[in-house]
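S.K.: Numbering (the numbering used here), first residue to last: 187 to 546.
All residues carry an ideal CB built from backbone N, CA and C; glycine is no exception.
Here the structure is a predicted model, which is why all the values come from computation and not from measurement.
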Amino acid sequence: MSTANYQLFFVKNLSDFPDGTLFELENRLYSHAQISKAANEKRQEIADWEYHTKGYLLPDRGDGVQAILPEEKVIICAPFSQNFSPLKGQLQITKTATKSRQYPDAPAPSNVPVGILERNHVSVFQNIHFQQVIIELPSERFEIEQIAVFNKVKQFEAECYYSPKLKKEDGQWKVVCEFSHITFGFYEVQVQFTEGRYYSIDLIKHYPEEVKEKFDYLNQSTRPTQQPASFTPLKEIGFDLSEFQFPAVQTPIPTTTDMGVNDEVLNDAIEFTTEWGANFGKPIYERLNRKYPHIDAEWADKIQKYCRQAESYIYQLGEKELNGEITEYDIIPMAQQKYPWVKVRHWARLKNIAMFYARK
């Protein structure tokens with residue numbers, strides 16, 4: 187289970203957000219150096235103060251870029267006694283881009299098949315019943331695999347829409363991402379195409395305006411409401427070179443089962459086992475053997491049965507969530523505890539399938 191602690195904070199004296207803007211952030215202090223992209227040693231362009239100054243990690247400063255929110259610019263807010271409807275939250279689109287699933291940090295070339303997503307291609311429709319993010323597409327020929335919504339603070343997949351349908355409106359092809367039920371916070375929406383690229387949309391769903399009444403009261407009071415978060419400054423920043431593999435020193439891939447293969451093979455196997463489309467429900471031997479020729483048919487069958495057990499387990503957790511025995515946020519941590527070798531991205535996909543079938 188995740189041990190991260192979260193806290194509501196009002197912000198003040200920030201150029202990008204009005205005083206009284208409310209955010210839920212991780213209640214942990216970071217230094218500027220901890221979010222730096224520098225290499226594995228101090229560089230001259232990074233000042234010493236960046237290693238020791240501290241603040242809260244702000245996933246989006248208003249342009250899709252993370253930043254450090256200084257302690258003196260926040261006021262701790264106790265949880266509200268009333269519940270605010272997610273429909274009351276206003277959406278702020280902060281950044282849009284076209285990315286590659288394999289190389290998400292690489293800039294997209296101008297001639298990518300799905301086109302470069304720009305800010306004016308994304309709009310928000312909202313009334314008392316609906317809240318939707320609407321994305322324009324170059325034409326109807328693009329096949330969308332899914333739309334995934336990621337919570338950037340709590341690091342989980344908040345929603346996933348499989349095979350969303352396009353609609354034509356005012357001569358323009360569009361796809362809709364429903365946001366009515368999604369709570370306040372920082373998100374990335376990924377419109378994932380079958381050809382390997384996706385539209386990335388960073389946005390903030392703000393708390394309603396009425397929360398600022400509490401800010402006005404707290405801002406006039408100097409009484410502390412909570413002990414400050416802990417902070418451990420870094421001695422070094424940047425990349426941990428031990429995480430990278432070089433020809434001279436190969437880091438072995440761990441083995442956490444008695445299947446006779448390492449965790450990388452098992453993750454490929456569960457991806458083949460749970461694959462949709464033409465290979466749905468088929469034996470994985472041929473696909474697995476092409477990548478790992480030493481694995482024979484009998485061995486592949488044994489591995490597939492084991493992967494089916496992991497798949498079945500998360501479906502059981504989906505049933506428990508439907509019955510109120512656990513919450514949606516318990517599913518992936520519980521699955522990881524029983525099958526620690528499975529990568530989170532596989533659990534996130536299977537969790538959404540499990541919940542879909544459990545609620546049908």
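#1: Ends of the beta strand (DSSP E) at Ala464?
#2: With distances taken between CB atoms, is the gap from Lys240 to Asn199 smaller than 8 Å?
#3: With a 10 Å radius around its C-beta and 16 neighbouring C-beta atoms as the bar for buried, classify Leu402 as buried or exposed.
#4: In whole angstroms, give me the CA-to-CA distance for Tyr289 and Gly382.
#5: Pick out whichever of Leu508, Gln278, Pro295 has its Cα sitting closest to the Cα of Ser286.
#6: Which residue from Ile539, Phe196, Trp533 puts its Cα closest to that of Phe342?
#7: Tell me where the beta strand (DSSP E) around Asn337 begins and ends.
#8: On a CA-only basis, which of Leu352, Thr207, Asn191 is nearest Tyr393? Give me that one, please.
#9: Roughly how many angstroms separate the alpha carbons of Glu395 and Lys274, rounded to a whole number?
#10: Kindly indicate which three-state DSSP category Thr207 falls into: helix, strand or coil?
#11: Taking the Cβ atom as the reference point for each residue, do Glu399 and Ser386 lie within a distance shorter than 8 Å?
#12: Please classify Arg535 as buried or exposed, where buried requires at least 16 neighbouring CB atoms within 10 angstroms.
#13: Measuring alpha carbon to alpha carbon, tell me which residue in Gly248, Ile517, Ser222, Ile333 is nearest Lys391.
#14: Looking at the secondary structure, which residues open and close the beta strand (DSSP E) in which Glu326 lies?
#15: Looking at the structure shown, is Ser296 part of a helix, part of a strand, or coil, going by DSSP?
#16: Alpha carbons only, please: which of Lys468, Leu323, Tyr348 is nearest the one belonging to Glu331?
#17: So Pro256 is in the alpha helix (DSSP H); what residue range does that whole segment cover?
#18: Is it true that the CB of Val335 sits closer than 8 Å to the CB of Leu211?
#19: Return yes when the Cβ of Pro519 is within less than 8 Å of the Cβ of Gln490, no when it is not.
#20: The alpha helix (DSSP H) spanning Gly504 covers which residue range?
#21: What is the DSSP secondary structure of Phe342, counted as helix, strand or coil?
#22: How would you label Trp527, buried or exposed, when you count the other beta carbons within 10 angstroms and need 16 or more for buried?
#23: With a cut-off of 8 Å, do at least 3 Cβ pairs link the stretch 260-274 to the stretch 294-308?
#24: Any idea what DSSP makes of Leu389, helix, strand or coil?
#25: Roughly how many angstroms lie between the CA atoms of Ala253 and Asn405, to the nearest whole one?
#26: Tell me whether Asp388 is buried or exposed, calling it buried when 16 or more other Cβ atoms sit within 10 Å of its Cβ.
#27: Per DSSP, Trp533 forms a beta bridge with which residues?
#28: According to DSSP, simplified to helix, strand and coil, what is Arg214?
#29: Considering only the beta carbon of each residue, do Val197 and Leu255 sit closer than 8 Å?
#30: Going by DSSP, which residues form a beta bridge with Phe379?
#31: Between which two residues does the alpha helix (DSSP H) carrying Gln522 extend?
#32: For the beta strand (DSSP E) containing Phe401, list its first residue and its last residue.
#33: Using three-state DSSP, classify Lys198 as helix, strand or coil.
#34: Based on the DSSP output, what are the partners of Thr282 in its beta bridges?
#35: Output needed for Phe370: all residues of its chain with C-beta closer than 6 Å, excluding positions within five of it in sequence on either side, in chain order.
#36: In the DSSP assignment, what residue or residues form a beta bridge with Val310?
M.R.: On the basis of the supplied data:
#1: It is not in any beta strand (DSSP E) - Ala464 carries neither H nor E in the DSSP assignment.
#2: No.
#3: The sequence shown places Asp at residue 402, not Leu. Residue burial is scored here from C-beta neighbours: Asp402 has fewer than 16 other C-beta atoms within 10 angstroms and is therefore classed as exposed.
#4: Cα-Cα distance, rounded: 10 Å.
#5: The shortest C-alpha separation from Ser286 is found at Pro295.
#6: Of the candidates Ile539, Phe196, Trp533, Trp533 places its Cα closest to the Cα of Phe342.
#7: Taken as a continuous stretch (DSSP letters only), the beta strand (DSSP E) holding Asn337 covers 330-337.
#8: Minimum Cα-Cα distance from Tyr393 among the listed residues Leu352, Thr207, Asn191 corresponds to Thr207.
#9: Approximately 9 Å, taken between the alpha carbons.
#10: Strand at Thr207.
#11: Note that the C-beta distance between Glu399 and Ser386 is not below 8 Å.
#12: Looking at its Cβ environment, which holds 16 or more other Cβ atoms inside 10 Å, Arg535 is buried.
#13: When only C-alpha atoms are compared, the closest one is Gly248.
#14: For Glu326, there is no enclosing beta strand (DSSP E), since its DSSP letter is neither H nor E.
#15: Shown here, Ser296 sits in coil according to DSSP, grouped into three states, outside any helix or strand.
#16: The shortest CA-to-CA distance from Glu331 to any of Lys468, Leu323, Tyr348 is the one to Tyr348.
#17: No alpha helix (DSSP H) holds Pro256; the beta strand (DSSP E) holding it covers 253-256.
#18: Taking 8 Å as the Cβ cut-off, Leu211 and Val335 do not qualify as a contacting pair.
#19: It is not a contact, given that the beta carbons lie outside the stated cut-off.
#20: For Gly504, the enclosing alpha helix (DSSP H) starts and ends at 483-508.
#21: In the three-state reduction of the DSSP assignment, Phe342 falls in the strand class.
#22: For Trp527, the number of other beta carbons within 10 angstroms of its own is at least 16, and it is reported as buried.
#23: No, because fewer than three Cβ pairs between the stretch 260-274 and the stretch 294-308 fall closer than 8 Å, the two stretches do not touch.
#24: Under the three-state reduction of DSSP, Leu389 is assigned to strand.
#25: Cα-Cα distance, rounded: 23 Å.
#26: Asp388 is buried by the Cβ-count criterion.
#27: By DSSP's assignment, Trp533 forms no beta bridge with any residue.
#28: Reduced to three states, the DSSP call for Arg214 is coil.
#29: Contact: yes.
#30: Ile330.
#31: Residues 517-524.
#32: Judged by DSSP secondary structure, Phe401 falls outside any beta strand (DSSP E) and instead within the alpha helix (DSSP H) spanning 398-405.
#33: Lys198 falls in the coil class under three-state DSSP.
#34: In the DSSP output, where bridge partners are listed per residue, Thr282 has Ile387.
#35: These residues qualify, in order along the chain: Gly275, Lys391, Tyr393.
#36: DSSP, once it has assigned bridges, lists Val319 as partnering Val310.
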